[in-house]
Every structure is written in C-alpha cells, then in structure tokens.
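The next block holds one structure in the form of structure tokens; read it before the comments.
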Amino acid sequence: MDRYEHWMRAALAEAARARASADVPIGAVVVDDSGAVLGSGHNERELTGDPTAHAELIAIRAAAAARGGWRLDDVTLVVTLEPCAMCAGAILQARIPRVVFGAWDDKAGAVGSVVDLLREAGMPNRVEVVAGILEPDCAGLLREFFQTRR
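In our numbering, each residue carries its 1-based index in the sequence shown increased by 101.
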C-alpha cells in the first residue's frame, strides 16, 4: 500500500488544480513500471464544457500520446476517486492492468461500489484494483468542495 501513496499524493495535487475552474477536485496520474509519470489530469468538465473531461480520461489520453499508442498494458492508473462507468470502460479499452484509487464513490462508482466493471466475469481482461489509498485525504478534498457549494 505504501508504494502507492507517493503517486496518490501526485493525484491529490492534480485534483487541487481543478479548483481554479470550479471543477470537482478529482485528479489522476498514469505511471509506468519504472515510476515515470506518463500522463496526468484533473477534472475539466466545467472548464471545457466537455462531459467526458474526467481526470482519468485526460490522464489516459496524455499517457497514450506520450507512448505513441493506445495500449497501456504495463501502467498503473492512480486516481483520487473510484472511477465511473465511462472511465472504467476507457481503462478496459486501454488495457490498463492496475487501478489504484483513494475514495469510494457510492453514487457512481464502477469499480466495486455500485457496479464492478473492471472485474466483471464477461470482460476480456481483468484489472487489479487497489482501493483506499489515502482515502481520508481524497474524501476530505471532495467533502470540502461540496460543502462550499451547498
């Protein structure tokens, strides 16, 4: 678990960048086996008006561009909140073998909370999931954001 805390802190720093555009503070980083960051992103839906501008998708797109190809079959995606169904689909399509997340999403989580698309028996590949890394920090950032909105 400790080996992922460094990358989760990087994802949390990325999430904090979403505040500038009033986006929900979710951040993600894609790292390779050597520990190099291939891509990072934070939510940009409000900033861009793009409903697909989730942190995970932005980080995955950046990693694919860095690699020069869509197959990311030797990376780890680290994200502050459990991915939704759209992001889980992208993770499967990119062949990402490992997802690490911080806070659970009991409203739209697709990696165990509401559904578990990444480990669904009918899917062509399974994804290792590590949950709860720096969960209090990740959940606290979201809680703080939504408290200021209410």
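We put the CB at the ideal spot given by N, CA and C, even for glycine.
Where residue i falls, given that 16 or more other Cβ within 10 Å makes a residue buried
i      : result
Met224 : exposed
Phe202 : buried
Ser254 : Within the shown structure, residues of the chain are numbered from 102 to 251, placing residue 254 beyond reach of any answer.
Thr249 : exposed
Asp207 : exposed
Glu229 : exposed
Gly170 : exposed
Asn226 : exposed
His155 : buried
Thr177 : buried
Glu221 : exposed
Ala189 : buried
Thr149 : exposed
8 Å CB neighbourhood of residue i in its chain, flanking five on each side removed
i      : result
Ala163 : Val131, Leu139, Gly140, Ser141 and Gly142
Ala167 : Leu139 and Gly140
Neighbourhood of residue i by C-beta distance below 7 Å, restricted to the same chain and skipping five residues each side
i      : result
Asp134 : Asp175
Ser214 : Glu183, Trp205, Asp206 and Asp207
Tyr105 : Val179, Val201, Val231 and Ile234
Ala123 : Glu147
Expected contact under 8 Å - CB spacing of residue i and residue j to nearest Å
i      : j      : result
Leu113 : Gly136 : At roughly 17 Å, the Cβ-Cβ gap does not stay under 8 Å, so Leu113 and Gly136 are not in contact.
Leu243 : Pro126 : 7 Å
Ala211 : Leu218 : 5 Å
Ala191 : Ile161 : 6 Å
For residue i, the residue or residues it bridges with in DSSP
i      : result
Leu178 : Val131 and Val200
His143 : Gly128
Asp48  : Nothing in the structure corresponds to residue 48, since the chain is present only between 102 and 251.
Glu229 : Arg199
Own chain partners of residue i with C-beta closer than 6 Å, once the 5 adjacent residues on each side are dropped
i      : result
Arg172 : Arg196
Ala119 : Pro126, His143 and Asn144
Phe246 : Pro126
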